[in-house]
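Here is the structure we will look at, set down as C-alpha cells.
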Amino acid sequence: MTEQDLKFMRRAIELAEKGMDSNAGGPFGAVVVKDGEIVAEGFNQVTSKNDPTAHAEVIAIREACQKLNSFQLKGCTVYTSCEPCPMCLGAIYWARPDRVFYACDHRDAAAIDFDDSFIYQELKLEITDRSIPFSQLLRAEALPVFEKWRNNGQAIKY
Ligand SMILES: [Zn+2]
1 MTEQDLKFMR
11 RAIELAEKGM
21 DSNAGGPFGA
31 VVVKDGEIVA
41 EGFNQVTSKN
51 DPTAHAEVIA
61 IREACQKLNS
71 FQLKGCTVYT
81 SCEPCPMCLG
91 AIYWARPDRV
101 FYACDHRDAA
111 AIDFDDSFIY
121 QELKLEITDR
131 SIPFSQLLRA
141 EALPVFEKWR
151 NNGQAIKY
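Rendered as C-alpha cells:
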C-alpha cells in the first residue's frame, strides 16, 4: 500500500459522499486507476437512474473499458469505498483488473441496511433451492448457437 493508494481510496470515498449528497443513490464510490492515473470514476446511481445495476464499480468499470478501448482492465487497480457486492464482484472478475482495494466491508454495509449477504448465501444453494425460481427451457434449441461460437474463427474469445 502506497500514498497513492490512499489518495485514490480517498477519491472513491469522496465520490460515495458526493453521490449520496446529490441523491444519486447509495453511499458508494469507485475509481479505476492505470499507471498512476484515474481512468474512470463512478458512484451509485441506482435510484436516480432506476437501474439496479448502476453500482459505483459497474459504472467505473464500464467507463474505464470505454476509455481504454478494451473489454478487460489489465494493469488496472479498482478502489471502491465498500467491499463489492456479488454483482460487482462478478463484473470485476470479468474485467480482470490486477488488484482491488476496498474501504468499508460487507458488515459495515449490512449495518446501514445494504445487506448483500443474502445474495452470497443464494450463490451457495442448488439452483432449484434459490428464492427466485429458475427453470431450464429449450436447451436443445439454444445449444446450436454455442456450437456456432465454438466453430467461429472470427469470434474474439475472452
Ligand atoms: Zn455492487
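Under UniProt numbering, think of the first position of the sequence shown as 1, with each following residue one higher.
Positions of the beta carbon are idealized from the N, C-alpha and C atoms, including for glycine.
Next on the checklist: Rounding to the nearest angstrom, what Cα-Cα distance links Q66 and V39 in this structure?
Outcome noted: Computed Cα separation, rounded: 10 Å.
Item to check | Backbone secondary structure at E3 - three-state DSSP | outcome: Three-state result, E3: helix.
Item to check | Within 7 Å, strictly: CB atoms of V31 and F8 | outcome: Yes, Cβ-Cβ distance for V31 and F8 is below 7 Å.
Item to check | Simplified DSSP assignment, three categories, for T53 | outcome: Coil, per DSSP.
Checklist entry - How long is the line joining the alpha carbons of F43 and H55, rounded to whole angstroms? => result F43 and H55 have their C-alpha atoms roughly 7 Å apart.
Next on the checklist: Helix, strand or coil for S81? Go by DSSP, reduced to three states.
Outcome noted: Strand.
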